[in-house]
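Under my numbering, the first residue of the sequence shown is numbered 281, with each subsequent residue one higher.
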Amino acid sequence: MATPEIEISKHVLMDIAVTTLDGIDGTEVASAPLKMNEVLRNQTPGRRPRALRVTREGQDVTVDVGLNIEFGRNLVALSEQVQQAVRENIELMTGLKVRAVNVSVHNVCLPKGSPA
């Protein structure tokens, strides 16, 4: 009897990455820059695309993520924490091999709840 195959969509991998990032204090996934045709197309109000891309080749996954990091936080330490956490969660939950988690810091922002 053949072993049934299980297909894991890129959306599931993205959801794992976003949920992982939601659990790391001082970080959030940055909004992706909008192209002119996307602005003119009337996207869903309040929902901007995120700076997150997942590429999958067979059993190998690469994650590219743009982050906003709170002012006063160690950018390098938080970026490394993000890389490790995203890698561990995707590998643990899917059995896929994460080749890389590439992090780019897009913005430094004020902590949530602080006066502007």
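For glycine and all other residues, C-beta sits at the position ideal for the given N, C-alpha and C.
Euclidean distance between Cα positions of Pro284 and Met294:
Taking the sequence shown and counting its residues from 1, one reaches residue 284 at position 4. Taking the sequence shown and counting its residues from 1, one reaches residue 294 at position 14. Taking the straight line joining both Cα atoms gives about 24 Å.
Burial state of Gly306 (16 or more Cβ within 10 Å):
Locating residue 306 in the sequence shown gives position 26, where the first residue counts as 1. Label assigned to Gly306: buried.
Considering only residues of the same chain and omitting the five flanking positions on each side of Gln361, which have a CB-CB separation below 7 Å?
As a first step, residue 361 must be located in the sequence shown, where it is residue number 81. Sequence-distant Cβ neighbours of Gln361 in its own chain, meaning closer than 7 Å and more than five residues away, are Ile304.
Beta-carbon gap between Val383 and Ile370 smaller than 8 Å:
Translated into the one-based positions of the sequence shown, residue 383 becomes position 103. Translated into the one-based positions of the sequence shown, residue 370 becomes position 90. No. Outside cutoff.
When DSSP labels each residue in this structure, what does Ala365 get in the three-state scheme?
Position 85 of the sequence shown, counting from 1, holds the residue named residue 365. Three-state DSSP puts Ala365 in a helix.
Pick helix, strand or coil for Asp397, following the three-state DSSP scheme.
With the chain represented from 281 up to 396, any question about residue 397 goes unanswered, as that position is not in the structure.
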